[in-house]
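Visitor:
There are 2 protein chains.
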Amino acid sequence: MTELQKGPQGLRRGRGARERILTASRQLFRDQGIAGTGMDQLCATAEVSKRTLYQHFAGKDELVTECLRQFDPTVLAHVFDRVDLSPREKLLAAFDIPADNPMCPYISTAVELHDPGHPAAQYASEYKRAVAARFTVAAREAGAPDPEGLGEQLALLLDGGAARSRVLNSDAFPTAAAIAAVLIDNAIPETAGR
Amino acid sequence: MTELQKGPQGLRRGRGARERILTASRQLFRDQGIAGTGMDQLCATAEVSKRTLYQHFAGKDELVTECLRQFDPTVLAHVFDRVDLSPREKLLAAFDIPADNPMCPYISTAVELHDPGHPAAQYASEYKRAVAARFTVAAREAGAPDPEGLGEQLALLLDGGAARSRVLNSDAFPTAAAIAAVLIDNAIPETAGR
DNA sequence: TGTTAGGTACACCGATCTGTGTGCTTACGC
DNA sequence: GCGTAAGCACACAGATCGGTGTACCTAACA
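The structure is reproduced here in structure tokens:
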């Protein structure tokens, strides 16, 4: 009607609202934290109206949970499903993490929410157990005598690298990788693994 | 004395306001997080008027920072200053952490604040480096060939134990201790350490 | 061409947040 | 016994929080 060009129509972005919301959420939650990100700012970043957001997600909690679910649904498949690596090599490859890697969102979320019963916190817990299970499988294939133990240990190293990187504001994953190498060499007989 | 028992006088607690504030802050920040704790609730818990709180601390940020500074000013002196332990034993003793241990407040604060420039975050970083330095000193005394490396590794294990305990909601420090034992045995020649 | 699902604008709600202003009361040290 | 530092009550400011209500619009598809 006449003044089509006027006003807010410029903001209309059409049908991809849900994806834009999740993308903006991942970015803002990572950069500012959950509590530090308001729904208004989130809508502005996603270029989505507040009404639309609340039609897709029941509330902030659900949004947080969904973000976490979408972050790495395959649980490090890009490492553990590689066919060009031996099981032993996979164990080490998991520690090849780019230095600019942001804080592990699972730890970050668990710490920020401060409620173990929150769905997102529970999912974070599940995810971390799944990572340990990935390590355990590879450790078993590599011939480790106690694959569960080694898997849990390596998973702890990843978490340590993430936490320490955050606190010190510098890359701690090389240290974690060095420890992993020692553990793997110690646990897996030289004859095995290949 | 008439109606001494009447009215709000019952709340008056006298001269120890600052200590009560810090005690209440430690407890609430630990249990509910920083963002999750309001200044009103904090005053109520500390049995201190809001005005008094703001006369002692310029704001929440300063309160958070001061809490962190007071948490462990000696940097694990209760372990590393023991005279009944050999250096090698100290390295391991640092991992004797009660299972009900709450999340390491330094990591927790660094994650929650989400701002590396915040005084409390910087102090957390300093503290974590100081812990690594403690390990390094003991590692050197124990005869480790690369004390800095071992110190950093053991410090990372502590952080990993803390982070993983929080995410999984279960005690991960025994795993960290097991890794520490392997690292120490590997790094320090059997002949040394005693 | 008509229907409709998906999106928009915007005002608004009650709650809660950190932080102040003001004036009064009390306990301790001298 | 008195001065003063420390603490108190309480109302309030201004912002921001998560979340709604209402009415309108438009793109895609049948």
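So the protein lines, in turn, are chains P and V.
To convert, note that position 95 of the first sequence is 95 in the UniProt record's numbering; the numbers rise steadily by one, no gaps.
To convert, note that position 191 of the second sequence is 191 in the UniProt record's numbering; the numbers rise steadily by one, no gaps.
Cβ atoms here follow ideal geometry from the backbone N, Cα and C, with glycine treated the same way.
(1) In terms of alpha-carbon separation, which member of Leu42/V, Val167/V, Gln153/V and Gly143/V lies closest to glutamate 19/V?
(2) Is any beta-carbon of chain V found at less than 8 Å from that of glutamine 32/P?
(3) When you compare only the Cα positions, how much space is there between cysteine 104/P and alanine 24/V?
(4) Tell me the residue span of the alpha helix (DSSP H) that contains valine 182/V.
(5) May I have the straight-line CA-CA distance separating threonine 37/V from arginine 164/P, to the nearest angstrom?
(6) Beta-carbon within less than 7 Å of alanine 144/P's beta-carbon, same chain only, minus the 5 sequence neighbours each way: which residues are those?
(7) Starting from the beta carbon of threonine 175/P, find every residue of chain V whose beta carbon is closer than 7 Å, and list them in chain order.
(8) Let me know if glutamine 153/P comes out buried or exposed under the rule of 16 or more other beta-carbons within 10 Å of its beta-carbon.
(9) Could you name the residues of chain V that isoleucine 184/P contacts, counting a contact when the two beta carbons are closer than 8 Å?
(10) 8 Å is my cut-off, CB to CB: does aspartate 40/V come that close to chain P?
(11) What does a CB cutoff of less than 6 Å around isoleucine 97/P pick up in its chain, not counting 5 residues either side in sequence?
(12) Which full runs of the alpha helix (DSSP H) of 4+ residues lie inside the UniProt domain "HTH tetR-type" (15-75) of chain P, going along the chain?
(13) Would a check of beta-carbon distances place tyrosine 123/V closer than 8 Å to chain P?
(14) Name the two residues that bound the continuous alpha helix (DSSP H) containing phenylalanine 80/P.
(15) Using a Cβ-Cβ cut-off of 7 Å (strictly less than) and excluding sequence neighbours within five positions of alanine 35/V, which residues of its own chain qualify?
(16) Is the Cβ of lysine 128/P closer than 8 Å to any Cβ of chain V?
Guide: Taking the definition as stated:
(1) Leu42/V
(2) Contacts with chain V at 8 Å (Cβ-Cβ) include glutamine 32/P.
(3) 30 Å
(4) Valine 182/V: member of the alpha helix (DSSP H) spanning 173-187, first to last residue.
(5) 25 Å
(6) Leu150, Ala187 and Ile188
(7) Glu152, Gln153 and Leu156
(8) buried
(9) Within 8 Å Cβ-Cβ: nothing; isoleucine 184/P doesn't reach chain V, min ~11 Å.
(10) no
(11) Phe173
(12) The DSSP assignment places complete alpha helix (DSSP H) segments of no fewer than 4 residues inside the UniProt domain "HTH tetR-type" (15-75) of chain P at 17-32, 39-46, 50-56 and 60-71, in order along the chain.
(13) no
(14) 77-80
(15) Glu112
(16) At least one C-beta of chain V is nearer than 8 Å to the C-beta of lysine 128/P.
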